[in-house]
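Mapped onto this note's numbering, the consecutive letters of the sequence shown carry residue numbers 3 to 709.
Only one structure is covered here, and it is reproduced in the block below.
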Amino acid sequence: MARKKAFSVPGARRLLIATALLAPLLACAQTPLEQRIAEVREQSRFVPDKALAQLLKLQTEADGAPPATRAEIMSQISLAHMRLGENDAALAQADAVIAYGKAQHNNAILANGLLSRAYVKFAQADVKQAHQLAFEAEATAARTNDLPLRVQATITAGQAYAEQGDFPTALVKLQAAVDLARQITDQLPLATALNALTQLYNQMREYDKGFAVLEELLSVSRALHSAGRMAVAKDTEYGLAIEAHQPARALRALQEALALERQLGAQRMIANSLVNLSDNYLKARDYARALRYGNESLQAARAAGSAPIEATARVNIGEAYMGLGRIADGKKSFEAGLAFYEKANSKPDLQGVLLEYGQALEKAGDLRGAVDAYHRERAISNELFEKQRQQAVLELQEKYEADKRQRQIELLSRENQVKGTELDNRRLQQRVWWLLALVFALAAAVVGLLYRKVRHANAQLEVKNLELKAQSALDPLTSLYNRRHFQDYMRGHAPPERREAPVRTSSGDDIVGALFLLDVDHFKHVNDTYGHAAGDAVLKMIAEHLRIALRETDMIVRWGGEEFLAFLPAIPRHGVDEVARRILESISAQTVAYQDHHIQVNVSVGFAPFPLFPDERPLSWERAVNLVDMALYLAKAHGRNRAYGVRGFANFADTSMEAIEQDLERAWRAGYVDLSVVLGPAADGPPPAGSEASNVVPLKQAAKNNH
């Protein structure tokens, strides 16, 4: 998960921050003052607190120095503040460098200031602004002859493109940075560029190419005789090896990096490596060692003043405690780590930690706690999805407005051209009367051609609009309907305001609608073990067999990630459980052939008839989906490879819908909700209550039997 991404600092400090940490020299040191700045600059990357004191002292000695030297000291002070987590002071220094560069009309100083501001903005999680500054810095640096500066700016721009998911452009930029760095005698810029290129190949899952670049990176780092540079290269080797499923090499590289970092006294790097060691032993289920390194990383993070690393260490400690059976201690540590992410409002990191928390609680047997954690994770997932949807709408609106303005400009231009033509025609009529008829004929022909072209263009535009509308309704991976299309559909599919006499089959059974929400069991394990391409193949298989298991009239939706939703508009009420069984069996029976592996997966399902009437008024479709989602989480918490269905409600006058939604399992056990469970093939165990031989068990009755 992103929180413990190998080779990166936890929290917001990701690729651009790595570039700041490894920024090469921006000018060849010549004077004694410049040589001292170069030495402190290298120290700042690994021991920023000591370097900052030296930089402030150098600043007082540099009053008569050239502008470039003074600006370099200011820029390094900004980076040192940032590395110490003092972002306000770092931003003030970066802005001072930018203002100084503008006053001096010096593009090299200006680009240096823009880069410093980009790194600080990234540390503040203002990713959009950081990317804009990175691109502006690259364009400004390109107008200078300072090769180290151009290398640094090109790397930063390339990593900004990578953060945006534009890997082709990022690859072009970083390869160009390597080529530029080869022209410089000093090999520090080359080490920085090779490090960034190795990390990009890791992101792209081009592991063979990544290892090829890594070999050169390690060679250049050895030639520099710098423990810090070798530690950085070993951290990058760890990240690449762990993603390429080479755990032995990854562990060896991480231990070598930690030894070098301790030699340097680089507390923040030490804390990060200890976190990764703890995480490494968690994956190996060696909980004793995971706890040991978790506690060491916690102490190192406190010494370095790094709240993000401290939060990650607390989460690792919590998971290790749970693995050792110390549930209360594990919960306490997990919640302490979660508090940081909640305070920092880091939604993606918080979502990942909650998912990990739920899995740990589930393994420890605390099913109620696991369901609570999953619900908190799902609430954040829905919030992030809504933000992405709103952003997409805004972007589409901006594009529409831009296109509209362009059409207006083109229309005004054509009108001006027509007016000019009319003026020329009048002059021509006055001078050459005998050409009048010919001019009118030509004008008519031109108008006719334009009219036909406009009609043709409008027809093509209509076709493209229809194609775009169809594409916007489909998920590109599975070709199923997407979440937005389902939401639009359900807004026009309002349930009746009150319960009406049901439509019945010839055998007397009610005809109802039904909602099914399914989630792939242990999907993260598939991605981690076989890679994301294998995960995509699994999702395609599920989509294909849902089409087979259901009818053409049923709406099947890629709900998000590994979740699918199906809406059946008309089905006999007593056939709802059978549809759930059919879904479980059709997926479990399939094998996905991927490379040399044969992958089998199960799904967990939540379902209910729709509309649902807790009293005379129906639930909205949003609340019905939420209820089905809660049933899905009960299926997950009680063993997976099964389906939990909400059949109806009882004694509703003694409760409320809000109470039921707060804790579905408690509402069932109190007799307010009627649930059923359908076991999948070779399920891990029986339903949580009852001993009926049938796979379909009314859970309310099972609860009575338990009492």
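Glycine residues also receive a C-beta, built at the ideal position from the N, C-alpha and C atoms.
Keep in mind that this is a model prediction, so the values were computed, not measured.
- prompt: When you compare each of L182, Q126, Q131, F213 to A155 by their alpha carbons, which one comes out closest?
  reply: Cα-wise, what sits closest to A155 is L182.
* N- and C-terminal bounds of the beta strand (DSSP E) containing P574 -> Per DSSP, the continuous beta strand (DSSP E) segment holding P574 begins and ends at 565-574.
Please report the straight-line C-alpha distance between E379 and E663, rounded to a whole angstrom. Answer to the nearest angstrom: the Cα atoms are 16 Å apart.
Three-way DSSP call (helix, strand, coil) for M557 in this model
Three-state result, M557: strand.
Do V215 and L199 have their CB atoms nearer than 8 Å? Result yes, Cβ atoms of V215 and L199 sit closer than 8 Å.
Backbone CA spacing between D288 and N653 [nearest angstrom]:
Rounded to the nearest angstrom, the gap between the Cα atoms of D288 and N653 is 49 Å.
With a floor of 3 residues, list each beta strand (DSSP E) that falls wholly inside the stretch 630-682, ordered by position along the chain.
-> Within the stretch 630-682, the runs of beta strand (DSSP E) that reach at least 3 residues and sit entirely inside it are, in chain order, 644-651, 675-681.
Give the straight-line distance between the Cα atoms of L27 and K333, rounded to the nearest whole angstrom. Low confidence applies here, because L27 scores a pLDDT of 42, under 50, leaving its location unreliable and the question unanswered by this model.
Helix, strand or coil at H600 according to DSSP, with G and I counted as helix: In the structure shown, H600 sits in a strand (DSSP, three-state: E or B).
(message) When you compare the CB of N347 with every CB in chain B, is at least one pair closer than 8 Å?
(response) Here there is only one protein chain, and chain B is not present.
Helix, strand or coil at L266 according to DSSP, with G and I counted as helix: The three-state reading of DSSP puts L266 in helix, counting H, G and I together.
**Prompt:** Helix, strand or coil: which one does DSSP assign to K522?
**Reply:** Lys is not the amino acid found at residue 522; the sequence shown has Val there. The answer is strand: DSSP assigns V522 an E or B state.
(request) Just tell me which of A536, A551, Y483 has its CA closest to the CA of I558. (result) Checking every option, the nearest Cα to that of I558 belongs to Y483.
Rounded to whole angstroms, how far is the Cβ of G103 from the Cβ of L93, which I believe are closer than 8 Å? In fact, because the Cβ distance is near 16 Å, the residues do not count as touching under 8 Å.
Reduced DSSP secondary structure (H/G/I, E/B, other) of D512: Three-state result, D512: strand.
Buried or exposed (CB count within 10 angstroms, at least 16 for buried), T480:
In the assembly as shown, T480 is a buried residue. Its beta-carbon has 16 or more other beta-carbons within 10 Å.
(message) Between the alpha carbons of P613 and G360, how many angstroms are there, rounded?
(response) Each residue's Cα considered, the two are about 31 Å apart.
- [ ] Please look up how many angstroms separate the CB atoms of A164 and Q205, rounded, as I've assumed it's under 8 Å.
- [x] With 8 Å as the limit, A164 and Q205 qualify as a contact, their Cβ atoms being about 6 Å apart.
Skipping 5 residues on each side, what residues in its chain have a beta carbon closer than 7 Å to that of A259? Excluding residues within five positions, the ones whose Cβ falls inside 7 Å are A233, K236, D237, Y240, S275.
To the nearest angstrom, report how far apart Y283 and S474 are at their CA atoms.
-> Each residue's Cα considered, the two are about 44 Å apart.
- Message: Could you pull the DSSP bridge partners for Y483 from this structure?
- Response: Beta-bridge analysis with DSSP links Y483 to L476, V559.
*Under 8 Å, do S335 and R316 count as touching if we go by C-beta distance?*
Their beta carbons are under 8 Å apart, which means S335 touches R316 by this criterion.
- Query: For A591, which option in Q602, Y532, T531 has the closest C-alpha, if you only look at C-alpha atoms?
  - Reply: Nearest C-alpha to A591: Q602.
Margin query: Can you check which of these residues, A568, G537, A539, is closest to L548 by C-alpha distance?
Written below: Closest in alpha carbon position to L548, among A568, G537, A539, is A568.
Check: Would you report the Cα separation of L414 and L57, rounded to the nearest angstrom?
Finding: Across the structure, L414 and L57 are spaced so that their CA atoms are roughly 59 Å apart.
Margin query: Please state the DSSP three-state secondary structure of A141.
Written below: Note: A141 maps to helix in three-state DSSP.
My parser needs the alpha helix (DSSP H) runs of 4 or more residues fully inside the stretch 135-201; what are they? DSSP runs (the alpha helix (DSSP H)) wholly in the stretch 135-201: 149-165, 169-183.
message: Between which residues of its own chain and V122 is the CB-CB distance below 6 Å, once the five residues before and five after are set aside?
response: If the five residues before and after V122 are omitted, its C-beta is found closer than 6 Å to the C-beta atoms of M84, N89, A92, L93, A96, all from its own chain and listed in chain order.
- Look up F609 in the DSSP assignment and give the residues it is bridged to. In DSSP, F609 forms a bridge with F518, G647.
request  = Pull up the DSSP beta-bridge partners for A595, would you.
outcome  = Answer by DSSP bridge pairing, in chain order: H600.
Quick one: grab the DSSP three-state call for F619. The sequence given here has Arg at residue 619, not Phe. Here R619 sits in coil by DSSP.
Review point. Could you give the residue range of the alpha helix (DSSP H) that holds E344?
Key: Looking at the DSSP string, the run of the alpha helix (DSSP H) that includes E344 is 329-346.
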